[in-house]
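Numbering-wise, the working numbering puts 113 at position 79 of the sequence shown, and it's gapless, one number per residue.
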Amino acid sequence: MIALQDFPAARFDEFQIISVSEYAQDLMDNRGMEEHAALKKAEDGLLKAFPEGKSNEHNKLLSIMKKTKAGQVEVGFLWYSLQDDASAFIMDFLVYSEHRGKGYASKALEALKATFKKDGLTRIGLRVAPDNHGAIRTYYKAGFNVTGWNMSCEF
35 MIALQDFPAA
45 RFDEFQIISV
55 SEYAQDLMDN
65 RGMEEHAALK
75 KAEDGLLKAF
85 PEGKSNEHNK
95 LLSIMKKTKA
105 GQVEVGFLWY
115 SLQDDASAFI
125 MDFLVYSEHR
135 GKGYASKALE
145 ALKATFKKDG
155 LTRIGLRVAP
165 DNHGAIRTYY
175 KAGFNVTGWN
185 MSCEF
């Protein structure tokens, strides 16, 4: 069974290292940014979203927990931002590599949707890299649909 719980504020630095690294890599791969600029953009965005280094009214950071007989094991994390139109946007979603392929992402999305439904939210959005085929399959399976394409032009 999968449950979502508040990510421990004492471990925010750990989340920050992973999230900044992943986002900077995405910026370099998909927007052609230089490493220094990508790292700065990723760091600045995270600090703006979490100025106190923990969840707040608009940005929520959750641990994805697997319940076992021996207790709970963290298998990943999920960061979402609440929007003004009764929706949320998934900013970062990661199942740790050693826990992938076991359905935890799908179960985490089910738990998130159930929580949002109870809270009166009606929509979840996200952006996924076009080469992240595993995530795309997971999102389709969870009921997500393509609503547009991110496009850019370098000159």
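Cβ coordinates follow ideal geometry from the N, Cα and C atoms, glycine included.
State yes or no: is the C-beta of residue i within less than 9 Å of the C-beta of residue j?
{"i": "A120", "j": "T156", "result": "yes"}
{"i": "F49", "j": "L116", "result": "no"}
{"i": "N90", "j": "Y114", "result": "no"}
{"i": "E69", "j": "A58", "result": "yes"}
{"i": "K212", "j": "M35", "result": "Outside the shown range of the chain, which is 35 to 189, sits residue 212, and nothing can be said about it."}
{"i": "A145", "j": "T172", "result": "no"}
{"i": "G177", "j": "I124", "result": "no"}
{"i": "D47", "j": "G87", "result": "yes"}
{"i": "L61", "j": "A43", "result": "no"}
{"i": "D63", "j": "D165", "result": "yes"}
{"i": "R134", "j": "G182", "result": "no"}
Let's test the definition: count the other Cβ atoms within 10 Å of the Cβ of residue i and tell me whether it reaches 16, buried, or not, exposed.
{"i": "K141", "result": "buried"}
{"i": "L143", "result": "buried"}
{"i": "F41", "result": "buried"}
{"i": "D78", "result": "exposed"}
{"i": "D126", "result": "buried"}
{"i": "A76", "result": "buried"}
{"i": "L112", "result": "buried"}
{"i": "S53", "result": "buried"}
{"i": "L81", "result": "exposed"}
Output needed for residue i: all residues of its chain with C-beta closer than 6 Å, excluding positions within five of it in sequence on either side, in chain order.
{"i": "G110", "result": "I98, L128, V129 and Y130"}
{"i": "R45", "result": "none"}
So residue i is in the alpha helix (DSSP H); what residue range does that whole segment cover?
{"i": "K75", "result": "E69 to A83"}
{"i": "E144", "result": "Y138 to K152"}
{"i": "D60", "result": "F46 to R65"}
{"i": "H133", "result": "Taken as a continuous stretch (DSSP letters only), H133 belongs to no alpha helix (DSSP H), as it is neither H nor E."}
{"i": "T172", "result": "H167 to K175"}
Starting from residue i and walking both ways along the beta strand (DSSP E), at which residues does that stretch end?
{"i": "Q117", "result": "From DSSP, Q117 is part of no beta strand (DSSP E); its letter is neither H nor E."}
{"i": "G159", "result": "R157 to L160"}
{"i": "M99", "result": "N93 to T102"}
{"i": "D40", "result": "I36 to D40"}
Report all residues from its chain with a CB closer than 8 Å to the CB of residue i; omit the five preceding and five following residues, and keep chain order.
{"i": "T149", "result": "L38"}
Between which residues of its own chain and residue i is the CB-CB distance below 7 Å, once the five residues before and five after are set aside?
{"i": "I170", "result": "V162"}
{"i": "S55", "result": "none"}
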